[in-house]
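Heads up: the structure comes next, in structure tokens.
There are 8 protein chains.
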Amino acid sequence: MRAARLAQGDASAFAELDLERTARRGFPEAVYCAGKTAAQVGAIAAAVAERPDVTTLFSRADDDHAAAVLAALPDAAHDPAARLLAWPPQPPAPTGGLVVVLAAGTSDLPVAREAHLTARYLGRPSELVVDVGVAGLHRVLSKLELLRRARVAVVAAGMDGALPSVVAGLVSAPVIGLPTSVGYGAAFGGVAALLTMLNACAPGVSVVNIDNGYGAGHLAAQIAAPEPSR
Amino acid sequence: MRAARLAQGDASAFAELDLERTARRGFPEAVYCAGKTAAQVGAIAAAVAERPDVTTLFSRADDDHAAAVLAALPDAAHDPAARLLAWPPQPPAPTGGLVVVLAAGTSDLPVAREAHLTARYLGRPSELVVDVGVAGLHRVLSKLELLRRARVAVVAAGMDGALPSVVAGLVSAPVIGLPTSVGYGAAFGGVAALLTMLNACAPGVSVVNIDNGYGAGHLAAQIAAPEPSR
Amino acid sequence: MRAARLAQGDASAFAELDLERTARRGFPEAVYCAGKTAAQVGAIAAAVAERPDVTTLFSRADDDHAAAVLAALPDAAHDPAARLLAWPPQPPAPTGGLVVVLAAGTSDLPVAREAHLTARYLGRPSELVVDVGVAGLHRVLSKLELLRRARVAVVAAGMDGALPSVVAGLVSAPVIGLPTSVGYGAAFGGVAALLTMLNACAPGVSVVNIDNGYGAGHLAAQIAAPEPSR
Amino acid sequence: MRAARLAQGDASAFAELDLERTARRGFPEAVYCAGKTAAQVGAIAAAVAERPDVTTLFSRADDDHAAAVLAALPDAAHDPAARLLAWPPQPPAPTGGLVVVLAAGTSDLPVAREAHLTARYLGRPSELVVDVGVAGLHRVLSKLELLRRARVAVVAAGMDGALPSVVAGLVSAPVIGLPTSVGYGAAFGGVAALLTMLNACAPGVSVVNIDNGYGAGHLAAQIAAPEPSR
Amino acid sequence: MRAARLAQGDASAFAELDLERTARRGFPEAVYCAGKTAAQVGAIAAAVAERPDVTTLFSRADDDHAAAVLAALPDAAHDPAARLLAWPPQPPAPTGGLVVVLAAGTSDLPVAREAHLTARYLGRPSELVVDVGVAGLHRVLSKLELLRRARVAVVAAGMDGALPSVVAGLVSAPVIGLPTSVGYGAAFGGVAALLTMLNACAPGVSVVNIDNGYGAGHLAAQIAAPEPSR
Amino acid sequence: MRAARLAQGDASAFAELDLERTARRGFPEAVYCAGKTAAQVGAIAAAVAERPDVTTLFSRADDDHAAAVLAALPDAAHDPAARLLAWPPQPPAPTGGLVVVLAAGTSDLPVAREAHLTARYLGRPSELVVDVGVAGLHRVLSKLELLRRARVAVVAAGMDGALPSVVAGLVSAPVIGLPTSVGYGAAFGGVAALLTMLNACAPGVSVVNIDNGYGAGHLAAQIAAPEPSR
Amino acid sequence: MRAARLAQGDASAFAELDLERTARRGFPEAVYCAGKTAAQVGAIAAAVAERPDVTTLFSRADDDHAAAVLAALPDAAHDPAARLLAWPPQPPAPTGGLVVVLAAGTSDLPVAREAHLTARYLGRPSELVVDVGVAGLHRVLSKLELLRRARVAVVAAGMDGALPSVVAGLVSAPVIGLPTSVGYGAAFGGVAALLTMLNACAPGVSVVNIDNGYGAGHLAAQIAAPEPSR
Amino acid sequence: MRAARLAQGDASAFAELDLERTARRGFPEAVYCAGKTAAQVGAIAAAVAERPDVTTLFSRADDDHAAAVLAALPDAAHDPAARLLAWPPQPPAPTGGLVVVLAAGTSDLPVAREAHLTARYLGRPSELVVDVGVAGLHRVLSKLELLRRARVAVVAAGMDGALPSVVAGLVSAPVIGLPTSVGYGAAFGGVAALLTMLNACAPGVSVVNIDNGYGAGHLAAQIAAPEPSR
């Protein structure tokens, strides 16, 4: 019975792991921890331990989730701000185009780090730039040289979410808008920034879910993938 | 009876005109035409004709409203794009600080014109600048000298509504965000731009209702008023 | 004065054309017709006529807009369903990776065509596939071979907007979710599909605005761009 | 006085129990614990103890509610993940058609269990299947044989909520969409999944409230009821 | 080329007809006309003409769509209020349980008729009852005998959408809530009724999309299907 | 058959008239015309003609509805602005307390008239006051004597909907907030005014649906009813 | 200075008490505790202690607020479930018409008690009836005799909020809909019930804010006031 | 590496301080603490300590943020209710026009204090007035003399948010509407007040974000700035 198997730490009782996904789709699967119990996440980590050939990410991991992963995979890399764990801990050697991740403000940093680390663990070179909001245009303009080297830019912003529009007007690379839940009341937990980005007046912007740094980083890794990996 | 008085074109049957408002508040009252019948607007225009000492604006006037006003006040000024009429037709000599009105795109022009003309008819010098959206920063940066002469800037933008954030980061004058209903589906008739402006990451931005060029122009005229008029 | 210049058909009175954008950003600018008068669009078309070296797209063109463009550029290509015109009429020779555009249902076809034609006019090879909604999985599964050749997939869907999730689970290319306003009451003009796509349980999906086929096609052209053009 | 009666544990002070409902409607009443005090729930449990001939469910029971029920009915069955208690603890012998409950992901499991147990306690045979999201179509396709034996399917999904559309395209049985509050920001606590399901492009899907596993299970038991019980 | 084939009235250019769906899923496919051109609908009707063994429904057909269908299938049945056409015109002999469709008010009648006719054309016996809103409980109570014979009830209501709650409290059959877009401003085009039904305090209610009479009728036909057809 | 009976103008085919409602509930039923065909409304009017002892109101009647009513009841009273017809045309002699209806602006007048006439036809004395918005407090303060004689006040306002709060702070009578759909974009068709009134900081305000003048007038007539009629 | 006066417990530093309101408007003012500090509420209670001739209510009082009030007014009446305190503790002798308060379910009881106690402390006779939801019509029908004696009914309901519609169809008294925040996800914290009540298909229903038992009770006391008190 | 630098308390690792902003824009930058860690805020405070010539504000500072600031800047001024710190602690000598800040109720006081202190620290004379809601018009009317001396008024209000409309009708100065999150359920955390203010029927009102006292105070300081500072 499932309940019994779960008590025995058998992840197959509640999750169908897809460890062949890397071979099939070119990118490994991540374990979304929110809504899972620490016991469930721990059981998945134990199952993963048999496959060091595949990089596994654990996203949205709170302290309890992280402890359960680290109990099964003691050398896993852990970034608490980004709520992300990775195992094996060493990212692959970078291949493909450059991913540039921008955080409009310091408060957007945790989500931006999640995107940056995800792209890095999925095999891309990645650079992270912080505090370049549109209220001080000189800041973003000073990063133009870096931005123009990017194969894709991830732009994390809360509040008005205006930075992706400005960046997309400056570069020819595609821009992934990553709205964050930072802001006062009518930011509506990131909805204002999300709508701004969906309505970007510069073409070349698409949008992922609010605070979804993992999704933005994954997509960036796909866009910047080297030819052979597709 | 009211119905009879209305049939006789007596505006007092359905509207309490406040022609002393200029003396009391320093600014004349406008007649909001939407939701009024052409007959009602015409009756108000006829009542206004006795007071050439007060500038009266008719806002949100469709073709029928405009015809009714012009029947009563044949020399009234009429800007069909801005849906605005003014009588007497000549604006007062400009006093106070400069009002600069920016339209992010050509599609924002009708609303921006309504703001520009309102500020002008309420007695301020006003300049209108078009097509300076953030997708091409060089356009707005080329207007910096003008912007820095402004006592107040009105910034009309639809879609992402990002321009007020950028402008507020460049000048020390207050910025009035004027969201317009321009844009694709998730612009939600101006709500996206409205939220962007409410969440402007640069301080110094406040917001008026969607497409409310009259309100933006009136407020700008108050902010830029010369000392004696307050 | 602007009004006079506009009357003379001088587009510089209300629009700052950016014909150097192709050189600067690698992609030409489009003229968004909605909210502009036919006269304004016609004046822009006349200005464009001097630059056959740059491909110009006119998006969201209704019948009046189209007539105004065709008066100035009689040989422009016109797709009424997609509300798109292009001049010069011949798209550039295709370079870069393959763009595959999927329309979940026949009702999504106009928006999907706008994306397909935009990608094509911006220089990419592009294929359009119709009526592959998730209610009949065999339809989309029968297109797997084509999908796996794509450098990027644009997936247009209204109603439940579920197709991008399914496609992203099948391929390693990035997927651009293109929500359409097709559906019954609680589709809310495309909001339901938009939310579905933002919440895609398969990573690799990002989203553009509702019915924004132009934006999806432009972004796809950027993602699939050949190395030298970046 | 009511207050006194309540102090004495007399449930009739604040609740009109309807223990004849099974006879009248064919299904027993459940006690919705959320919003009730533990004392109120305990008093109801005590009243129920006199009627072992009727199965009573306590839904949305937090730890305090559960303790109060177990104090009055020590042998009640309790599933903490599903927040459900049942008394008498043994479900009736299964009659009628098969109810199949699917959970798209592990995080949807608590709500899916609530549906599964409710259907089971209301007398139906029921099977629960986990982690069959649309991001890996092979998972759901591997359950086709089971799905085609179902008289009704309950499909629990958060995030994009796309699974019910796919399932409804595969089977002829009715599908009950059960949206869960699992997901990132723009999942809006289950609203995105709810809208997806309401807009399912495959006919045969109807929807219950977000996280309402009890309602889904009850409805499934009605749809799959054997002829005599109707 | 598709465009050419479409010009020649070849439906395969834009639609993948699924005429084997009846054999596979037990219910025929419907053609959703909204968003399709009359020419497209007409081409589909012409293709359908070769398969009189399958009942085809055309839903959401406006006058132009209907004319196109009737040109290809002159003897098709047409209910303009329900915006529905069926071919062959004669519904199959009724089998399975009784479908009872209730319309709370006269204004809900077109949507209720669409549900009633759909259930009937998919092979069920069906009864339609009108003007039984909760403001006059005696009306609905007078239909109790009929309601208790139903295998499933479809309850169409706009405004407060309260009728499904009341009906579900009276019968043991499952209730399909069918919200309509009837009502004053804060009915929000059926959203208020939709929410009411999702929150029905009586278990046994599930909900379909606003004004989606086709979906409600199809689901009812599935629930009331005779054993062999499942 | 119903269809046949409807063709014969037999209202019982689609509506259950409740002409005994006056005896039972003390107030007659109204016929809500929106969503009904002119033929249906005309058939109801014909049925009503046999009962001159009961006052029947037809609300939300467009021109076609009105023509159908007047064909059956040629002497019916008709107020096109309020979209209301009444038969018999003469309202009953007024009894009970005074109903005062205020319209904040001229644009709110049609809805306010509907409330005023409804209260009058249901038997109350009623006064209508126009253009007393809070932007000019002296206007509403000049009506204090009348307001303090009211048994109940109906306050119609769009835009900010602030008038009910102010009135409720001035009088001890209950205030019915009647939001109207008048205003610029972020008025959201009356939602802004509705929310303002629901959040009135002065107690004593309750709210009816947007533009629901009939509902406000009916409720006012109930509140101000003379003792014997209850 | 204000800060100093506040430190000294001088309520005039932050609140303008209006103890003459009873004389002026006929009803005393209440102190809304939410958002005030316990120190502020305590200072107000101390100020109130000098006026035993006026009944003062403290609404939305959490435990800290209540302790502060009881420190200043030790004999104040306190109903923790309703979060209400009253001083002097004895309500006035009842005058005027009967207020009947209905709670659809037990979970709605705290809000219903707040309405009931408010009406009682403002001087009306009041009866409270619990657990009469529309899922069991026999419950509410069994209270008809009481309901028909009411001068006004307050009907508290969460979830579908359908009870006010049903009650309004049964009585001639006005009905105050009191939506509560009880329910599953798509109850949206009471919004669903609020919308249901605003759209009540029976006339005679108006609505107050979600969970606003104080407002409902105050309004009921005004509607049922004896003639001399108005 | 950034992480290392952050560990060493080097603010440049995660924030680009803009201490020249006073010289450039005329107003100093504030540090928005929400979303930053206490360590990050402390590092910024340490960097600021080298620039006593610039006034730095720390907004939205919780207890941990405040402790970190005070550790680095022990003599900083701290207003816990307004969640604001300022350093150097002494505001500049007041210049420019008078800023009047009104709080509708005591619960609006924290946000109003944030606006008042911000204006004061940015160099303006400022007065704060409390508890002048529209439910008691005599309160606001008693402040008319002060209001008419204002160069700009900031009006903080929750619930119905009606006060800015009333104030704008009384004065010729511009009014900044500052919605607060105070209120019952349908206040929606300040959205109701925000919408009211956006729809103010008196011209001269603009709006900032919910609870954004800092933004309102900053804008007021800009509007009331003395001529030379612009």
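Residue numbers (the numbering used here), protein chains in the order written: chain L, 95 to 324; chain C, 95 to 324; chain B, 95 to 324; chain F, 95 to 324; chain V, 95 to 324; chain P, 95 to 324; chain H, 95 to 324; chain W, 95 to 324.
Ideal placement from N, C-alpha and C gives every residue a C-beta, glycine not left out.
Residue burial is scored here from C-beta neighbours: residue 168/B has fewer than 16 other C-beta atoms within 10 angstroms and is therefore classed as exposed. For residue 297/H, the residues of chain P that pass the 8 Å Cβ criterion are 121, 124, 308, 309, 312 and 313, in the order they occur in the chain. Taking a Cβ-Cβ threshold of 8 Å, the residues of chain F close to residue 270/V are 300, in chain order.
Note on residue 156/B: under 16 other CB atoms within 10 angstroms of its CB, so exposed under the neighbour-count rule.
In the DSSP assignment, residue 272/L is bridged to 250/L. With contacts defined as CB atoms closer than 7 Å, residue 171/C and residue 180/C qualify as a contacting pair. Across the structure, residue 319/H and residue 268/P are spaced so that their CA atoms are roughly 10 Å apart. Close CB contacts of residue 195/P within its chain, under the 6 Å cut and outside five residues either way in sequence, are with 206, 209, 210, 222 and 248 (chain order). Within chain C, the residues placing a beta-carbon under 7 Å from that of residue 276/P are 129, ordered along the chain. Residues of chain P with a Cβ closer than 9 Å to the Cβ of residue 173/C do not exist; the shortest Cβ-Cβ separation is about 18 Å.
DSSP, read as helix, strand or coil, puts residue 299/F in strand.
The shortest C-alpha to C-alpha distance from residue 280/P to any of 302/C, 245/C and 296/C is the one to 302/C. Burial check for residue 189/H: the Cβ neighbour count within 10 Å stays below 16, so the residue is exposed. Counting other Cβ atoms within 10 Å of its Cβ, residue 134/B reaches 16 or more and is therefore classed as buried. Under the DSSP definition of a beta bridge, residue 289/W lacks any partner.
Collapsing the DSSP output to three states places residue 221/B in a strand. One alpha carbon belongs to residue 261/H, the other to residue 262/W, and they sit about 43 Å apart. Under the three-state reduction of DSSP output, residue 169/P falls in the coil class, being neither helix nor strand.
Shown in chain order are the members of the region 249-271 of chain B whose Cβ falls below 9 Å from a Cβ of chain F: 251, 252, 253, 254, 255, 256, 257, 258, 259, 260, 262, 263 and 264. A straight line joining the alpha-carbon of residue 316/L with that of residue 244/L spans about 14 Å. The beta carbon of residue 291/V lies closer than 7 Å to those of 255, 258, 271, 273, 299 and 301 in the same chain, with the five residues before and after it left out. At least one CB atom of chain B sits nearer than 7 Å to the CB of residue 303/V. Of the residues assessed, residue 201/V falls on the buried side of the cut-off, its CB having 16 or more other CB atoms within 10 angstroms.
Residue 153/F is bridged by DSSP to 126/F. Only residues of its own chain outside the window of five on either side were considered, and among them 149, 151, 180 and 185 have a CB closer than 7 Å to the CB of residue 215/L, listed in chain order. At a cut-off of 4 residues, the continuous stretches assigned as alpha helix (DSSP H) that sit fully inside the region 169-243 of chain L are 203-215, 231-235 and 238-243. Close to residue 279/H, with beta-carbon spacing below 7 Å, are these residues of chain F in chain order: 275, 283, 284, 303, 304 and 305.
With fewer than 16 neighbouring CB atoms inside 10 Å of its own CB, residue 174/F falls in the exposed class. Neighbourhood of residue 134/C in chain W, by CB distance below 9 Å: empty, with the nearest CB roughly 17 Å away. Spatial neighbours of residue 204/H in its own chain (CB-CB distance under 8 Å, excluding positions within 5 residues in sequence) are listed in chain order as 175, 176, 177 and 307. The beta-carbon of residue 143/F is placed no less than 7 Å from the nearest beta-carbon of chain B.
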